[in-house]
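**Student:** In my numbering, the protein residues as written are 41 to 142. C-beta: ideal position from N, C-alpha, C; glycine also. Predicted model only: the values in this text are computed from it and were never measured.
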């Protein structure tokens, strides 16, 4: 498992949580090879999904702070350098969501 751009201490915590989940699945499904395989795949899938969310938050979101002049200041960090975001087109934005279709 590649942890990506997570810092040293945080990377260890992520790997520790991942290993803890895998140990729990091995204990729970000790006699069921199919469930062992499927649960390991599901754990991996969820970690990958959350890695994408963590990467998005780390690179695309900054906190603006109110300064003494009444304006806001943003201090992007090195993680923000070169980050880009595809803005959805008006056509995509106007499409009904799944919830609206129901």
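Who are residue 106's beta bridge partners in DSSP?
**Tutor:** Counted from its first residue, the chain shown places residue 106 at position 66. DSSP output for residue 106 lists 112 as bridge partner(s).
**Student:** What is the DSSP secondary structure of residue 131, counted as helix, strand or coil?
**Tutor:** Counting from one through the chain shown, the residue named residue 131 turns up at place 91. Looking at residue 131 - three-state DSSP - the assignment turns out to be helix.
**Student:** Between the stretch 115-123 and the stretch 90-106, can you find at least three pairs of beta-carbon atoms closer than 8 Å?
**Tutor:** Touching, per the Cβ criterion.
**Student:** With residue 99 as the anchor, note down where its alpha helix (DSSP H) starts and where it stops.
**Tutor:** Taking the chain shown and counting its residues from 1, the one referred to as residue 99 is at position 59. From DSSP, the alpha helix (DSSP H) with residue 99 extends over 73-100.
**Student:** Rounded to the nearest angstrom, how far is the Cβ of residue 80 from that of residue 60, given a contact under 8 Å?
**Tutor:** By 1-based counting over the chain shown, the position of residue 80 is 40. By 1-based counting over the chain shown, the position of residue 60 is 20. With a Cβ gap of about 13 Å, residue 80 and residue 60 do not count as contacting.
**Student:** Let me check understanding here. Comparing Cα to Cα, which of 85, 96, 67 lies closest to residue 123?
**Tutor:** Here residue 123 is taken as the residue at index 83 of the chain shown, counted from 1. Nearest of 85, 96, 67 to residue 123, Cα basis: 96.
**Student:** Using the three-state DSSP reduction, which class does residue 56 fall into: helix, strand or coil?
**Tutor:** Counted from its first residue, the chain shown places residue 56 at position 16. Of the three classes helix, strand and coil, the one that applies to residue 56 here is helix, per DSSP.
**Student:** Do you know how far the Cα of residue 119 is from the Cα of residue 83?
**Tutor:** The residue labelled residue 83 in the question sits at position 43 within the chain shown. The residue labelled residue 119 in the question sits at position 79 within the chain shown. In a straight line, the C-alpha of residue 83 is about 27 Å away from that of residue 119.
**Student:** Closer than 8 Å by C-beta to residue 71: which residues in its own chain qualify, once you throw out the five before and the five after it? Chain order, please.
**Tutor:** For the purposes of this step, residue 71 is taken as residue 31 along the chain shown, with counting starting at 1. Closer than 8 Å at the Cβ level, and outside the excluded window around residue 71, lies no residue.
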